[in-house]
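Participant:
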Amino acid sequence: MKFDYLFRNVTVIDGSGGPEYRADVAIQGDRIAEIAPSISAEARYEIDGTDRVLAPGFIDVHTHDDINVIRMPEYLPKISQGITTVIVGNCGISAAIASMKETVPDPMNLLGDVEHFIYPTVAAYAEAVEAASPAVNVGTLIGHTALRNNHMDDLFRAATAEEIDGMRGQLRLALQQGALGLSTGLAYATAFHSSTEEVMALAEELAAEKGIYTTHLRSEFEPILEALDEAFRIGRHGKVPVVVSHHKCAGAKNWGRTVETLKLFDKVREQQDVSCDCYPYSASSSTLDMKQITDEFDIIITWSEPHPEVAGQSLKQIAQSWSMSLHEAGKLLMPAGAIYYNMDERDVRRVLSYPVTMVGSDGLPNDPMPHPRLWGAFPRVLGHYSRDEKLFPLTVAVHKMTGMSAARFQLPERGLLKRGYYADLVLFDPETVRDVASFSDPQQPAAGIEAVMVNGVMSYGRDKQVIGRAGRFLRR
Ligand code: ZN
Ligand code: CU
Numbered sequence: 001m002k003f004d005y006l007f008r009n010v011t012v013i014d015g016s017g018g019p020e021y022r023a024d025v026a027i028q029g030d031r032i033a034e035i036a037p038s039i040s041a042e043a044r045y046e047i048d049g050t051d052r053v054l055a056p057g058f059i060d061v062h063t064h065d066d067i068n069v070i071r072m073p074e075y076l077p078k079i080s081q082g083i084t085t086v087i088v089g090n091c092g093i094s095a096a097i098a099s100m101k102e103t104v105p106d107p108m109n110l111l112g113d114v115e116h117f118i119y120p121t122v123a124a125y126a127e128a129v130e131a132a133s134p135a136v137n138v139g140t141l142i143g144h145t146a147l148r149n150n151h152m153d154d155l156f157r158a159a160t161a162e163e164i165d166g167m168r169g170q171l172r173l174a175l176q177q178g179a180l181g182l183s184t185g186l187a188y189a190t191a192f193h194s195s196t197e198e199v200m201a202l203a204e205e206l207a208a209e210k211g212i213y214t215t216h217l218r219s220e221f222e223p224i225l226e227a228l229d230e231a232f233r234i235g236r237h238g239k240v241p242v243v244v245s246h247h248k249c250a251g252a253k254n255w256g257r258t259v260e261t262l263k264l265f266d267k268v269r270e271q272q273d274v275s276c277d278c279y280p281y282s283a284s285s286s287t288l289d290m291k292q293i294t295d296e297f298d299i300i301i302t303w304s305e306p307h308p309e310v311a312g313q314s315l316k317q318i319a320q321s322w323s324m325s326l327h328e329a330g331k332l333l334m335p336a337g338a339i340y341y342n343m344d345e346r347d348v349r350r351v352l353s354y355p356v357t358m359v360g361s362d363g364l365p366n367d368p369m370p371h372p373r374l375w376g377a378f379p380r381v382l383g384h385y386s387r388d389e390k391l392f393p394l395t396v397a398v399h400k401m402t403g404m405s406a407a408r409f410q411l412p413e414r415g416l417l418k419r420g421y422y423a424d425l426v427l428f429d430p431e432t433v434r435d436v437a438s439f440s441d442p443q444q445p446a447a448g449i450e451a452v453m454v455n456g457v458m459s460y461g462r463d464k465q466v467i468g469r470a471g472r473f474l475r476r
């Protein structure tokens, strides 16, 4: 028998969290055909993996790549990190099922412009993904804010019973067509006015179809314990797993409080299925929010519709040169995007090393000056946090990006390096892997990622070029 690919003498980190081992790994078609100490059969292509790690392709569980994977299917920012699957539709905003009227409400504008929202069903979105054939696999959540925008004339109030019925019907159909679950972005003004009961009603649909609930909490600032409690209550009501998105304690007054939040996780985990994702940086990024403007930490403007020329400057600099207050300057910049240096490094480390934390980039692919997490999140965990800072072993780092994520998001036969599983794989050098993207130069492919395979197709190599596009739409 002749295999398609043979990785020789690699160090296998299989994604389960278990110990690494030496092996040869053979690929046939889109599957892992054999793993053995030594494989004598021939292969069309052989890759020497001496001193290299072969791991399952990374799963980016928190992205806003909905539209970009279709418009720019090479998707270099992600494939260059070793990512082979992205989960889109996070933070309450999804391109799938969203229909736009004249304007795109904040924060759905992170995804694209009016003319890009052309996928009224999950089936239509899936078809577009398959037609574009992106480099990475794509699975989608359904955004609560997108549902609200479809069924309500005013987002700054709670939904009526009739509107909730409309949302439920659309969510049900979306889940039946393969959506992975529901996401909310309750902190954003466009969802903040929804009641807990509104989300609970939607969670009932999740239970019937066994979807998951992911949430950008109602607050990541001082009321965070109350916000976590609300998320967990929604999960209990729907009897569904809860994933807290990009868990953090934001704002100077809140620093250090992940001790409390993780203690709450510990307690709740005894009774229900809750977990979280996290990006490995102490600065956040989103649209510019007047409520988050403060002089307690730096805020960098990443884009501004009326003032594109200030992208990359701090709000403080801009306000000074315009001789006005931070708030006045903020108002003139809207709509805009920002990076907020609003976290404590010790909180980031605590959350990242928590046993049920997955890695998600939360990268914003449309920003002209994006937060470096878009290009660097995964190699930063492998290089900076695991190897250099010794926060946890490499096997744990990989588990948080693969096996744990596939199990949570119900992606069958992915996330583990196992015979018969899909050949989504990344070969990297554990000595040199690192994030190159920085805040001042954020659009840089990582170092040390040597080969990335998606569904058995070699997709990215040492010359940092995309050489294959074999991503699929992943249905629950
Ligand atoms: Zn979010
Ligand atoms: Cu997000």
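Just so we're aligned: 335 in the UniProt record's numbering is position 335 of the sequence shown, and the numbers increase by one with no gaps anywhere.
We put the beta carbon where it would ideally sit given N, CA and C, even for glycine.
(1) Output the distance between the C-alpha atoms of Q28 and A451, rounded to the nearest integer angstrom.
(2) Would you call M290 buried or exposed, if buried means 16 or more other Cβ atoms sit within 10 Å of its Cβ?
(3) Over what stretch of residues does the alpha helix (DSSP H) that includes P445 continue unbroken?
(4) Can you list the residues near ligand 1, meaning Cβ strictly closer than 5 Å to any non-hydrogen atom, in the order they appear in the chain?
(5) Tell me whether S323 is buried or exposed, calling it buried when 16 or more other Cβ atoms sit within 10 Å of its Cβ.
(6) Can you give the Cα-Cα distance for S94 and H64, rounded to whole angstroms?
(7) Could you tell me whether the Cβ atoms of I67 and L180 are closer together than 9 Å?
(8) Whose C-alpha, out of A207, L155 and V138, is nearest the C-alpha of R172?
(9) Taking 8 Å as the cut-off, is the C-beta of S245 nearer than that to any heavy atom in ligand 2?
(10) On the DSSP letters alone, give me the boundaries of the beta strand (DSSP E) that S183 sits inside.
(11) Does the beta carbon of H62 fall short of 8 Å from some heavy atom of ligand 2?
(12) Which runs of the alpha helix (DSSP H) at least 4 residues long sit entirely within the stretch 384 to 438? Give them in chain order.
(13) For residue 478, does the three-state DSSP call read helix, strand or coil?
(14) Assuming residue 499 contacts D277 under a Cβ cut-off of 8 Å, what Cβ separation, rounded to an integer in Å, is found between them?
(15) Specify the secondary structure class of W375 as computed by DSSP and reduced to three states.
(16) According to DSSP, M358 sits in a beta bridge with which residue or residues?
(17) Would you kindly work out how many angstroms separate the C-alpha atoms of F232 and A132, rounded to a whole number?
(18) For the stretch 413 to 430 against the stretch 50 to 62, do three or more pairs of beta-carbon atoms, one drawn from each stretch, fall closer than 8 Å, so that the two count as touching?
(19) Does the beta-carbon distance from L374 to G337 come in below 9 Å?
(20) Within its chain, find whatever has a CB closer than 6 Å to the CB of D435; leave out the 5 residues flanking it on each side and keep chain order.
(21) Excluding five sequence neighbours on each side, which residues of the same chain lie with their C-beta closer than 6 Å to the C-beta of S438?
(22) Since I believe L332 is in contact with P355 (beta carbons under 8 Å), could you give me their beta-carbon distance rounded to a whole number of angstroms?
(23) Answer yes or no: the CB of D289 versus the heavy atoms of ligand 2, is any distance below 8 Å?
(24) Between the beta-carbon of L382 and the beta-carbon of A406, is there less than 9 Å?
(25) Could you check if D362 belongs to the surroundings of ligand 2, using beta carbon to heavy atom distance under 8 Å?
(26) By the three-class DSSP mapping on this structure, what secondary structure does F232 have?
(27) Here's a check: name, in chain order, each residue in its chain whose Cβ is nearer than 7 Å to the Cβ of D367, leaving out the five neighbours to either side.
(28) Give me the Cα-Cα distance between E20 and P56, rounded to the nearest whole angstrom.
(29) Does DSSP put L332 in a helix, a strand or coil?
(30) For the stretch 69 to 76 against the stretch 457 to 472, are there 3 or more C-beta pairs whose distance is under 8 Å?
(31) Could you spell out the range, first to last residue, of the alpha helix (DSSP H) harbouring H151?
(32) Measure the Cβ-Cβ separation of I47 and F7 and say whether it is below 9 Å.
(33) Tell me the start and end of each unbroken alpha helix (DSSP H) in the stretch 170 to 221 that is at least 4 residues and wholly inside, in chain order.
(34) Under 8 Å by Cβ, that's how I've got L217 and P280 pegged, so tell me the actual separation to the nearest angstrom.
(35) Around the C-beta of S40, are 16 or more other C-beta atoms found within 10 angstroms, so that it is buried, or is it exposed?
Facilitator: On the basis of the supplied data:
(1) 17 Å
(2) exposed
(3) That residue, P445, is in no alpha helix (DSSP H); it is neither H nor E in DSSP.
(4) C91 and H216
(5) exposed
(6) 8 Å
(7) no
(8) A207
(9) yes
(10) G181 to G185
(11) yes
(12) 394 to 399 and 403 to 408
(13) Any answer about residue 478 is impossible in this case: the structure gives the chain only from 1 up to 476.
(14) Residue 499 is absent from the model: the chain starts at 1 and stops at 476.
(15) helix
(16) D277
(17) 37 Å
(18) yes
(19) no
(20) G376, P379, R380 and A446
(21) P372
(22) P355 to L332, Cβ: 45 Å. No contact.
(23) no
(24) no
(25) yes
(26) helix
(27) T302, W303 and G337
(28) 13 Å
(29) helix
(30) yes
(31) H144 to H151
(32) yes
(33) 189 to 192 and 196 to 209
(34) Not really, about 19 Å apart at Cβ, beyond 8 Å.
(35) exposed
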